[in-house]
Structures are given as structure tokens and as C-alpha cells.
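*Asks:* Would you mind keeping the following structure in view while I ask a few things?
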Amino acid sequence: MLQDFGIVQDLNFLSSRRCIWVNGPIIVGAGPSGLAVAAGLKNQGAPFIILERANCIASLWQNRTYDRLKLHLPKKFCQLPNFPFPENFPEYPTKFQFISYLESYANHFGIVPQFNETVQSSKYDKTFGLWRVKTVSDCGEVEYICRWIVVATGENAEKVVPEIDGLEGFEGQVAHACEYKSGEIYRGKRVLVVGCGNSGMEVSLDLCNHNARPSMVVRSSVHVLPREVFGKSIFELAVMLMKWLPLWLVDMILLILAWLLLGNTKRYGLKRPPIGPLELKNTAGKTPVLDIGALEKIRSKQIEVVPGIKRFYERKVELNNGQVLEIDSVILATGYRSNVPSWLKDDELFFENGLPKSPFLNGWKGIAGLYAVGFTKRGLSGASLDAINVSHDIAKSWKEDTKQQKKSIAIRHRRCISHF
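So for the sequence shown, numbering that gives the first Met the number 0 puts the first residue at 0; every next one is plus one.
In C-alpha cells:
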């Protein structure tokens with residue numbers, strides 16, 4: 000006999016492990032993407048459960064970001080569907096304000112994830128046409144059975160730690176940017192920051208502001224753009240221009256503005272790529288750096304730009320140009336990656352690197368009830384668009400299934416009555 004728990008039913012008799020039927024989709028991940036899908040489903044009356052390996056929503060923001068972090072884009076481009084930011088929030092909310100916004104979002108829509116539950120594997124059972132999602136938590140192992148699964152673990156689920164010759168033998172402190180909170184503990188120290196993306200630039204700036212001595216490794220070309228142009232977000236300007244102009248021309252305008260406002264960044268060791276910032280973002284997913292003060296520190300040599308690393312020694316690093324630096328600490332601003340391949344099995348939606356095979360606007364839907372949200376490389380606005388599409392599509396299917404089930408029950412009921 001099935002025991003009904005609302006949106007789930009306990010099917011322990013089918014398996015040696017605890018087995019639960021979910022009358023709706025399973026959403027894996029309680030970050031902004033997962034919350035946005037859940038809110039969309041709530042609005043349409045469709046049930047769901049969210050599985051989250053951490054003990055809180057938006058664990059990346061809460062546990063793996065530095066304290067000085069702010070949204071890089073204006074808040075109107077970062078809000079989730081059907082819930083604007085408070086009017087008293089600044090144009091670029093802080094990390095803590097964004098976390099508060101997400102908690103308010105979850106409370107507003109009544110979203111309660113199942114925390115501390117890690118998905119070990121998810122596999123489609125072709126025989127029954129259902130997904131089998133195996134999890135582990137402090138309460139033991141569970142196998143969920145469902146028709147739809149939403150992958151919302153994001154592009155930044157795991158840190159990337161490169162293999163660099165001699166790094167294991169380095170005797171100073173080594174930390175990834177996800178472990179960095181503030182430059183306070185590095186005050187007075189010589190710190191090598193490996194990476195020159197937005198994280199590398201902001202960590203270097205924060206170290207400067209705490210009287211550390213940062214050197215930033217720049218191995219490849221990078222686009223540095225001003226965050227604002229004449230008081231207007233450069234992102235907002237680009238969005239406006241792209242409504243009327245081709246991509247290559249918008250790129251040219253952005254680079255001219257960057258040259259006028261920032262000067263020739265190549266003079267400071269920051270060589271620009273051969274293609275424009277928007278084209279590079281579209282083709283390679285590489286985000287341009289939005290300068291919030293680091294470039295001025297580079298000009299004044301408070302942040303030293305250095306080339307790639309040859310190898311580490313006990314307290315030194317040798318660079319590709321033969322220069323040797325004495326350093327106390329290393330911070331790896333070397334990015335993140337998706338962890339989808341480690342748990343999603345027999346899947347045709349994702350590449351081996353954990354990103355969707357289909358490009359933006361088409362990468363949110365796979366086959367057999369598989370969906371992806373937050374893998375567009377277009378930030379929170381791209382995740383929100385995916386979430387709207389996914390929640391509408393699943394709710395439509397769920398309502399059709401529910402209607403068919405009611406018809407079947409009614410037919411069986413009439414047949415039973417006809418026997419009396």
C-alpha cells in the first residue's frame with residue numbers, strides 16, 4: 000500500500016534502499032537558477048522538490064565568495080522572475096544584499112529545499128520512462144523516482160585547481176579564490192594572484208586596500224572594460240546598441256570607449272584579444288573584466304602584472320620570462336567548472352565538460368524530461384530566461400498528465416459501478 004506524502008510517495012517495498020515517488024520534477028540545486036524554476040512552478044500550481052547538497056540556499060554566494068563582492072551588473076539585469084529588488088538597494092547590490100534578496104525570494108514563494116542531501120547519480124530508466132535519482136544525506140540513502148529532472152547546479156559548482164610544477168612543495172599559504180574572504184590576513188605579505196579575470200582583479204584590488212603586495216599572473220589576453228560609461232552601465236549600453244547595430248560594430252564602439260576611458264591597457268601587461276568582448280563572450284564564454292579600480296592600482300604599480308608561471312619553489316616562484324619572485328602566499332583565481340558529469344548518467348544534453356551541447360536559447364531542454372537552467376554563460380538574466388521556459392514547459396506537461404490520470408480514474412470508477 001502506498002503511503003501518500005503530498006508530492007511524494009514512499010515506495011520502500013520496491014527497493015532495499017528507501018525509494019520515493021515524486022509527483023512532479025526534482026530540481027537539483029538551490030541557487031538562483033533552482034529557486035527561479037521553483038517559483039515558476041509554484042505560480043502554476045505544479046509540485047516539485049529541490050535537493051541541495053549544502054545547508055543553505057545559494058551556497059556559492061554564501062560560502063565561497065569574498066566579502067567585498069558586488070553584482071557586476073545593474074540590479075535590474077540580475078533580479079529573478081516576478082520579484083524585483085527592493086527600491087532602497089543600490090544599483091550594484093553587495094554580496095550580502097543579494098543573499099538577503101534570495102532569502103526573501105524563497106520565503107515569498109514558499110520554497111523550502113531539502114538541504115544537506117547530495118545527488119550521487121541520476122539515470123533515466125528507459126524501461127519505465129522515469130528518472131532514478133540516488134542521494135545520500137545524514138539520514139541515509141534515498142532513491143527518488145520522477146518524470147522530470149531539472150539540473151540547476153550551475154557552471155561554477157566546483158573550483159578549478161590547475162597543476163603547476165612545484166606548487167605542492169610551496170611552503171607558504173595556498174588558497175583558491177573561493178576560500179578568500181578578505182585581504183586582512185594578508186596585510187604586509189607578498190601575494191601571488193594566479194588569474195586575471197574579474198575574481199583575480201578584485202582580489203588583487205582588495206589585497207592592495209589591505210596593504211598587501213599583490214602580483215597578478217596574466218598568461219593570456221583579456222578585455223578590460225569600464226563598468227560604467229558617463230554614468231551608465233556599459234552592459235546596459237551594449238544591450239541598447241545591439242537592438243540597432245550588428246555585433247561587430249557594438250564591439251568596436253565598446254573598445255573605442257574603453258580606450259578613451261582606460262587608455263592602452265597593453266602598456267600595463269594586459270593585451271587585448273584579437274576579437275571583440277561580446278564576440279568572445281558568445282563564442283568562448285569568456286567574460287570581459289569590468290574595472291572597478293584595479294586598473295588604477297596597476298598603473299601606479301601597487302599591483303604588479305607578471306607573465307605565466309614556470310614553477311614554484313619553497314618560498315619563490317619562477318616566471319616564464321626567467322624572473323624569480325619571493326612570495327608568502329598564493330591565491331588561485333583560476334575559475335570554476337560544472338560537476339554535472341560526475342552524477343548525471345546516460346545524458347545527451349551535456350558535453351563532457353558539463354555544459355549544454357545546444358547554444359543559448361535552446362540549451363534548456365533535453366529529451367525524456369531532462370532540463371538545464373543556469374548554464375548559458377549569460378549570468379542571472381540568462382538563468383532567469385531559462386527558468387521561465389523550463390517551469391512553463393514542465394507545468395504544462397504535469398497538468399496534462401494530471402488530467403489524463405483523473406480521466407483514467409473516472410473510467411475505472413464507472414466500470415466498477417457497472418458491476419453492481
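Idealized CB from N, CA, C, for every residue including glycine.
With distances taken between CB atoms, is the gap from residue 110 to residue 60 smaller than 8 Å?
*Replies:* Numbered from 1 along the sequence shown, position 111 holds the residue referred to as residue 110. Numbered from 1 along the sequence shown, position 61 holds the residue referred to as residue 60. Cβ distance not < 8 Å, so residue 110 and residue 60 don't count as in contact.
*Asks:* Mark residue 409 as exposed unless 16 or more other C-beta atoms lie within 10 angstroms of its C-beta, in which case mark it buried.
*Replies:* Numbered from its first residue, the sequence shown carries residue 409 at position 410. Because the pLDDT of residue 409 is 43, which lies under 50, any placement of that residue in the model is unreliable, and the number read from its coordinates should be weighed accordingly. It counts as exposed.
*Asks:* Can you list, in chain order, the residues of its chain with a C-beta nearer than 8 Å to that of residue 276? Leave out the 5 residues immediately preceding and following it.
*Replies:* Residue mapping note: residue 276 aligns to position 277 of the sequence shown, counting from 1. Hits under 8 Å: 222, 224, 250, 253, 254, 287.
*Asks:* By the three-class DSSP mapping on this structure, what secondary structure does residue 185 have?
*Replies:* As a working note, residue 185 is residue 186 in the sequence shown. In this structure, residue 185 counts as helix in the three-state DSSP scheme.
*Asks:* Determine which residues share a DSSP beta bridge with residue 241 and list them.
*Replies:* Numbered from 1 along the sequence shown, position 242 holds the residue referred to as residue 241. The partner list for residue 241 (beta bridge, DSSP) is empty, contrary to what the question assumes.
*Asks:* Measuring only from the beta carbon, is residue 102 closer than 7 Å to any heavy atom that is part of the ligand SAH?
*Replies:* Ligands displayed in this structure: none; no statement on the ligand SAH is therefore possible.
*Asks:* In chain order, which beta strand (DSSP E) runs of at least 3 residues are fully inside the stretch 138-172?
*Replies:* 139-145, 148-150
*Asks:* Using only the alpha-carbon positions, how far apart do residue 283 and residue 402 sit?
*Replies:* The residue labelled residue 283 in the question sits at position 284 within the sequence shown. The residue labelled residue 402 in the question sits at position 403 within the sequence shown. Rounded to the nearest angstrom, the two C-alpha atoms are 44 Å apart.
*Asks:* Quick one: what's got a C-beta closer than 6 Å to residue 54's C-beta in the same chain, skipping five residues either side?
*Replies:* On the sequence shown, position 55 is the one that residue 54 refers to. Cβ neighbours of residue 54 beyond the five flanking positions: 114, 115.
*Asks:* Just the C-alpha distance for residue 46 and residue 38, rounded to the nearest angstrom, thanks.
*Replies:* By one-based count along the sequence shown, residue 46 stands at place 47. By one-based count along the sequence shown, residue 38 stands at place 39. Those two C-alpha atoms are separated by around 11 Å.
*Asks:* Per DSSP, which one or two residues make a beta bridge with residue 113?
*Replies:* Here residue 113 is taken as the residue at index 114 of the sequence shown, counted from 1. In DSSP, residue 113 forms a bridge with 50.
*Asks:* Give me, in chain order, the residues of the same chain whose beta-carbon lies closer than 8 Å to that of residue 366; leave out the 5 immediate sequence neighbours on both sides.
*Replies:* Translated into the one-based positions of the sequence shown, residue 366 becomes position 367. Excluding sequence neighbours, residue 366 sits near 347, 348.
*Asks:* Could you have a look at residue 311 and say whether DSSP puts it in helix, strand or coil?
*Replies:* Residue mapping note: residue 311 aligns to position 312 of the sequence shown, counting from 1. Here residue 311 sits in strand by DSSP.
*Asks:* Express the C-alpha separation of residue 384 and residue 78 in angstroms, rounding to a whole number.
*Replies:* Taking the first residue of the sequence shown as 1, we reach residue 78 at position 79. Taking the first residue of the sequence shown as 1, we reach residue 384 at position 385. For residue 78 and residue 384, the distance between alpha carbons rounds to 11 Å.
*Asks:* For the putative contact between residue 34 and residue 56, defined by C-beta atoms under 8 Å, what is the C-beta separation to the nearest angstrom?
*Replies:* Here residue 34 is taken as the residue at index 35 of the sequence shown, counted from 1. Here residue 56 is taken as the residue at index 57 of the sequence shown, counted from 1. Going by Cβ atoms, the distance from residue 34 to residue 56 rounds to 7 Å, so yes, they are a contact pair.
*Asks:* Starting from the Cα of residue 380, find the closest Cα among 144, 138, 72, 279 and give me that residue.
*Replies:* Taking the sequence shown and counting its residues from 1, one reaches residue 380 at position 381. It is 72 whose Cα lies nearest to the Cα of residue 380.
*Asks:* Which value, in whole angstroms, describes the spacing of the CA atoms of residue 324 and residue 274?
*Replies:* Position 325 of the sequence shown, counted from the first residue, corresponds to residue 324. Position 275 of the sequence shown, counted from the first residue, corresponds to residue 274. Looking at the two C-alpha atoms, the distance is approximately 32 Å.
*Asks:* Could you check the C-alpha separation between residue 351 and residue 340 for me, to the nearest Å?
*Replies:* Counted from its first residue, the sequence shown places residue 351 at position 352. Counted from its first residue, the sequence shown places residue 340 at position 341. Their Cα atoms are separated by approximately 6 Å.
*Asks:* Tell me whether residue 19 sits in a helix, a strand or coil according to DSSP, three-state version.
*Replies:* Locating residue 19 in the sequence shown gives position 20, where the first residue counts as 1. When secondary structure is reduced to three states using DSSP, residue 19 falls in the strand class.
*Asks:* Count the other CB atoms, across all protein chains shown, that sit within 10 Å of the CB of residue 206; report buried if there are 16 or more and exposed otherwise.
*Replies:* Residue mapping note: residue 206 aligns to position 207 of the sequence shown, counting from 1. Flag for residue 206 reads buried.
*Asks:* Measuring CA to CA, which of 293, 21, 319, 299 is closest to residue 147?
*Replies:* Taking the sequence shown and counting its residues from 1, one reaches residue 147 at position 148. Closest option to residue 147, Cα to Cα, is 21.
*Asks:* If you draw a straight line from the alpha carbon of residue 294 to that of residue 154, how long is it in whole angstroms?
*Replies:* Numbered from its first residue, the sequence shown carries residue 294 at position 295. Numbered from its first residue, the sequence shown carries residue 154 at position 155. For residue 294 and residue 154, the distance between alpha carbons rounds to 27 Å.
*Asks:* Spell out the partners DSSP gives residue 175 in its beta bridges.
*Replies:* Here residue 175 corresponds to residue number 176 of the sequence shown, with the count starting at 1. Answer by DSSP bridge pairing, in chain order: 331.
*Asks:* In or out: residue 245 buried (at least 16 other Cβ within 10 Å) or exposed?
*Replies:* Within the sequence shown, numbered from 1, the residue matching residue 245 stands at position 246. That one is exposed.
*Asks:* Buried or exposed, going by whether 16 or more other CB atoms sit within 10 Å of the CB of residue 218?
*Replies:* One-based indexing of the sequence shown puts residue 218 at position 219. Its Cβ having fewer than 16 others within 10 Å, residue 218 is exposed.
*Asks:* So within the stretch 202-265, which uninterrupted alpha helix (DSSP H) runs reach at least 4 residues, ignoring any that extend past its ends?
*Replies:* Counting only runs of 4+ residues, the alpha helix (DSSP H) found wholly inside the stretch 202-265 occupies 233-241, 246-261, in chain order.
*Asks:* From residue 338 to residue 152, what distance separates their C-alpha atoms?
*Replies:* Position 339 of the sequence shown, counting from 1, holds the residue named residue 338. Position 153 of the sequence shown, counting from 1, holds the residue named residue 152. So the two alpha carbons sit approximately 8 Å from each other.
*Asks:* Could you give the distance in angstroms between the alpha-carbon of residue 262 and the alpha-carbon of residue 220?
*Replies:* On the sequence shown, residue 262 is found 263 positions in, with the first residue counted as 1. On the sequence shown, residue 220 is found 221 positions in, with the first residue counted as 1. About 16 Å.
*Asks:* Run through the DSSP bridge pairs and tell me what residue 375 is partnered with.
*Replies:* Here the question's residue 375 lines up with position 376 in the sequence shown. For residue 375, which the question treats as bridged, DSSP gives no partner whatsoever.
*Asks:* Could you check where the beta strand (DSSP E) with residue 305 kicks off and where it finishes?
*Replies:* Taking the first residue of the sequence shown as 1, we reach residue 305 at position 306. That run of the beta strand (DSSP E) goes 303-305.
*Asks:* Identify the continuous beta strand (DSSP E) that holds residue 130 and give its terminal residues.
*Replies:* Stepping through the sequence shown from its first residue, residue 130 is reached at position 131. Taken as a continuous stretch (DSSP letters only), the beta strand (DSSP E) holding residue 130 covers 129-136.
*Asks:* Would you say the stretch 305-315 touches the stretch 121-138, given that touching needs at least three Cβ pairs under 8 Å?
*Replies:* no
*Asks:* Please classify residue 95 as buried or exposed, where buried requires at least 16 other C-beta atoms within 10 Å of its C-beta.
*Replies:* Position 96 of the sequence shown, counted from the start, is the residue given in the question as residue 95. Residue environment analysis places residue 95 among the exposed positions, since fewer than 16 neighbouring C-beta atoms fall within 10 angstroms of its C-beta.
*Asks:* By the three-class DSSP mapping on this structure, what secondary structure does residue 93 have?
*Replies:* Position 94 of the sequence shown, counting from 1, holds the residue named residue 93. Of the three classes helix, strand and coil, the one that applies to residue 93 here is strand, per DSSP.
*Asks:* I'd like the list of long-range same chain contacts for residue 382, defined as Cβ closer than 7 Å, with 5 residues on each side in sequence excluded.
*Replies:* Position 383 of the sequence shown, counting from 1, holds the residue named residue 382. So the list reads 31, 32, 35, 372, 373, 375, once near-sequence residues are dropped.
*Asks:* Buried or exposed for residue 127, please, with buried defined as at least 16 other CB atoms from any protein chain shown within 10 angstroms of its CB.
*Replies:* The residue labelled residue 127 in the question sits at position 128 within the sequence shown. With fewer than 16 Cβ atoms within 10 Å of its Cβ, residue 127 is classed as exposed.
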